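In full-length UniProt numbering, the protein residues as written are 1 to 165.
Glycine included, each C-beta is placed from N, C-alpha and C at the ideal position.
Please read these numbers as outputs of a predicted model, since none were measured by experiment.
Okay, structure first, notes after.
Given below as structure tokens:
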């Protein structure tokens with residue numbers, strides 16, 4: 001006897017956006033939307049005033065975090081309802097950080113962030129810098145903190161590549 005396999009229906013959630021955030025979240029040719037969808041495993045449907053997130057609860061939660069971070073990176077002004085606290089990120093099991101000396105940040109980012117995005121794709125991680133705070137790195141040089149979200153193996157791989165660069 002064959003048993004029917006029941007697929008659970010995907011869940012849905014949404015985040016309200018203003019029109020400028022909508023375009024930013026789409027990215028050139030849909031690149032940002034695609035990058036977020038590929039990393040989180042969540043489908044993103046971006047409309048005029050909101051982004052709808054469709055997938056498993058775990059994928060939606062991760063997508064919400066990544067969307068909020070992406071929008072926060074753009075504005076750099078504090079919108080308390082969307083703001084992600086960097087200290088909260090550091091407490092997550094799926095996050096690692098690396099303090100990068102400020103003179104090396106541009107090299108790691110590449111032109112318009114292209115190098116960082118290539119590393120994200122290669123290692124299946126989500127990466128961004130805390131642009132709000134300059135820290136003291138090794139040898140006392142000013143540094144920015146790089147955050148990497150992903151599985152332990154993927155984080156280790158990309159952080160090794162960052163250190164080699």
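Whole-angstrom C-beta distance between residue j and residue i, which should lie under 8 Å
i, j, result
"residue 147", "residue 119", "At roughly 13 Å, the Cβ-Cβ gap does not stay under 8 Å, so residue 147 and residue 119 are not in contact."
Status (buried if at least 16 other CB within 10 Å, exposed otherwise) for residue i
i, result
"residue 23", "exposed"
"residue 21", "buried"
"residue 85", "exposed"
Reference residue i; option with closest CA among the options
i, options, result
"residue 30", "44, 19 and 18", "44"
"residue 54", "150, 138 and 8", "8"
"residue 97", "155, 38 and 164", "155"
"residue 47", "28, 35 and 18", "18"
"residue 139", "152, 100, 26 and 105", "100"
Straight-line Cα distance separating residue j from residue i
i, j, result
"residue 63", "residue 74", "17 Å"
"residue 108", "residue 115", "6 Å"
"residue 135", "residue 50", "35 Å"
"residue 103", "residue 117", "19 Å"
"residue 32", "residue 163", "25 Å"
"residue 141", "residue 11", "46 Å"
"residue 150", "residue 38", "12 Å"
At what residue ranges does the UniProt domain "K Homology" (92-158) contain a whole run of the beta strand (DSSP E), taking only runs of 3 or more? 95-101, 126-129 and 142-149
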